Amino acid sequence: MTRTWSRTSRVIAGTATALAVLTACGGGGDDTASKPNGPVTITFWGWAKGSKDVVDAFNASHTDIQVKFEEIPSGTAGGYAKISNAVKAGNAPDLVSIEYASLPEFVSSGALQDIGDQFTEADRAKLLPQSVELTTLGGKSWAVPFDAAPQAFFYRKDLFARYKLQVPTTWDAFKKTAEQVKKADAKARLATFFPDDPTTFEAMAWQAGAQWFKAEDDTWKIDTADPATTKVTSYWQGLLDADLVHKDASFSPEWVGSLKNGTTIGYLGASWGAGVLKGNVPELSGKWAVAPVPTWDGKPASGMLGGTSFAVTKDSRQKAAAVAFAEWMSTTEEGVKARIASGTSSAFPAAASLRPVAKKAFDAGYYGGQDIYALFESAGASINPHWSWGPTTGTTNNAIKDGFGKIAQGGPSIADAVKAGHDATVAELTKRGLKVEG
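Once you know that position 294 of the sequence shown is 320 in my numbering, the rest is easy, because the numbers rise by one and skip nothing.
See the structure below:
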């Protein structure tokens, strides 16, 4: 895994020059802050499964810092807008959850504080270098990494057995399996295309070798029409045109209902999806299994779908306490146990030393005792290293999401939505006065 991620490090390092321009407006915070003597109270907004359990465990075991937690919608479902609005209004919480993909945008807008004076070299040494670099922009440290999120394929092993299906290892086999499912049950489908969630599609493009955002010198190069993206776009358009997958909003009542009644028998998600299924359809315990995500050539490969970090907002006066709590969540056995023992989280920690703790804390009975963390470990090692995120993820994803919502037989297509995302990204970067190619 080290070799794979060292290549990622070089990619991210190559964006430093362009990001340095963006991070110039980032909040500086109180550089003289020291570790808190307490007692202090901080506020924390997040949505990841198990967050309340973690906060409760922290509050029960600490007297110097206390945390007030507010659960907000996931980032793409409104959480990021809520955070941004609070920052603009000057009433943001001290600490917020931000996925790696969205961190550059929050940094470039000046919403966050550099936490390098609190998140020290000794602290960073507890985490894998690649996770640290995902939160290091323009040479500054902007967040405490928590997890990685390699892709995975969850499937109903009882229905696979009933329909005499083999777990697909390639995308060609996935299509054939989807055809078999539809033939076996006219109402059933192998998986779902999520029109409200561009990040799942982006993970597919990432896995295939796409590189949408590339910073060279002082120029952002945007390319969403590369062969890898085109291949993924055409493939999923074909599945939709042939009615081989459902099209439901992610985690919607319709999607959950289809899991419950067996008309959706697979889920293309990420490591954290194991907890999602366990929480949404507990009555199906023992009927689900996890497999590596299919690949184009049958060799292990993955993108990353999500991945959480914890960042301190620009106006927080409790940076030291906020970072201390973030580190407790991310780098201690107690923090990981509290999150995963809740039964709703299957987080895959960025700290390799804590993965055995996560594995032990997660009750794998839902998956028939399968060692899902061994699978996540392999998947994590296969994450394609040639992807980096740009500074306008919100703009990109909103445009793609709008386009996905318009997809119809003989009408707007996935390709149209991706093109809209590209155009919106170029326009936004140009508006910000940055050099753009693409």
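Glycine included, C-beta positions come from ideal geometry on N, C-alpha and C. A quick note: this is a predicted structure, and the numbers were derived from the prediction, not measured.
Alpha carbon of residue i to alpha carbon of residue j, nearest angstrom
| i | j | result |
| --- | --- | --- |
| Glu463 | Asn410 | 23 Å |
| Ala434 | Gln263 | 10 Å |
| Trp197 | Val316 | 16 Å |
| Glu147 | Ile141 | 12 Å |
| Lys304 | Thr245 | 44 Å |
| Thr370 | Ala425 | 31 Å |
| Val271 | Phe374 | 28 Å |
| Lys461 | Val158 | 27 Å |
| Asp184 | Pro438 | 37 Å |
| Ala384 | Pro320 | 25 Å |
| Phe179 | Ile291 | 11 Å |
| Val349 | Phe145 | 7 Å |
| Gly459 | Ala400 | 46 Å |
| Leu160 | Glu242 | 17 Å |
| Thr357 | Phe402 | 19 Å |
| Ala390 | Trp298 | 13 Å |
| Ala107 | Ala187 | 44 Å |
| Ser372 | Ala217 | 21 Å |
| Tyr261 | Asp143 | 47 Å |
| Leu380 | Lys432 | 43 Å |
| Ala275 | Phe220 | 5 Å |
| Thr67 | Gly332 | 29 Å |
| Lys427 | Asn85 | 38 Å |
| Ala115 | Trp71 | 16 Å |
| Gly101 | Lys313 | 30 Å |
| Asp120 | Thr418 | 23 Å |
| Thr69 | Val80 | 14 Å |
| Glu131 | Asn423 | 12 Å |
| Ala376 | Ala296 | 14 Å |
| Phe172 | Met355 | 8 Å |
| Val452 | Thr259 | 20 Å |
Nearest neighbour of residue i, chosen from the options [CA to CA]
| i | options | result |
| --- | --- | --- |
| Ala103 | Lys209, Lys202, Asp223 | Asp223 |
| Lys257 | Trp281, Ala236, Gly436 | Ala236 |
| Ala118 | Leu266, Pro130, Glu125, Phe95 | Phe95 |
| Ala209 | Glu228, Asp173, Asp269 | At residue 209 the sequence reads Lys, which differs from the Ala that was named. Considering only alpha carbons, the answer is Asp269. |
| Leu294 | Met330, Leu310, Lys325, Ala352 | Met330 |
| Ala300 | Ala347, Gly429, Gly395, Gly324 | Gly395 |
| Asp267 | Ile68, Leu285, Ala204 | Ala204 |
| Trp232 | Gly116, Pro253, Phe219, Pro221 | Pro253 |
| Thr225 | Val444, Trp168, Phe172, Ala450 | Val444 |
| Gly283 | Pro130, Asn306, Trp322 | Asn306 |
| Ala212 | Tyr189, Ile98, Pro382 | Tyr189 |
| Ala136 | Lys152, Ala151, Leu163 | Just to set this straight, residue 136 is Gly in the shown sequence, not Ala. Out of Lys152, Ala151, Leu163, Leu163 has the C-alpha closest to the C-alpha of Gly136. |
| Trp322 | Ile398, Met230, Lys273 | Met230 |
| Pro99 | Asp397, Phe277, Pro318, Ile398 | Phe277 |
Whether residue i touches residue j by CB criterion (9 Å)
| i | j | result |
| --- | --- | --- |
| Pro194 | Ser328 | no |
| Asp149 | Val133 | no |
| His448 | Thr250 | yes |
| Ile248 | Leu455 | yes |
| Lys75 | Val302 | yes |
| Ala199 | Val207 | no |
| Ser311 | Tyr392 | yes |
| Lys345 | Gln139 | yes |
| Ala83 | Glu360 | yes |
| Thr421 | Ala450 | yes |
| Ala387 | Ala367 | yes |
| Tyr126 | Ser335 | yes |
Environment of residue i [buried if 16+ CB atoms lie within 10 Å]
| i | result |
| --- | --- |
| Ser128 | buried |
| Asn111 | exposed |
| Thr89 | exposed |
| Ala192 | Residue 192 is actually Gln in this sequence, not Ala. Looking at its Cβ environment, which holds fewer than 16 other Cβ atoms inside 10 Å, Gln192 is exposed. |
| Glu280 | exposed |
| Lys363 | buried |
| Glu309 | exposed |
| Ser414 | buried |
| Glu228 | buried |
| Gly436 | exposed |
| Gly324 | exposed |
| Lys286 | exposed |
| Ser77 | buried |
| Gly165 | exposed |
| Ser342 | buried |
| Ala174 | buried |
| Thr167 | Residue 167 is actually Ser in this sequence, not Thr. Buried. |
| Glu97 | exposed |
| Ala151 | exposed |
C-beta neighbour in chain B for residue i, strict 9 Å
| i | result |
| --- | --- |
| Phe186 | Considering every chain present, this structure includes no chain B. It has just one protein chain. |
Nearest-angstrom Cβ-Cβ length linking residue i and residue j, presumed shorter than 8 Å
| i | j | result |
| --- | --- | --- |
| Ala378 | Leu154 | 6 Å |
| Val122 | Thr289 | Actually they do not touch by this definition, with Cβ atoms about 37 Å apart. |
| Gly429 | Phe239 | Not confirmed; about 18 Å, so no contact. |
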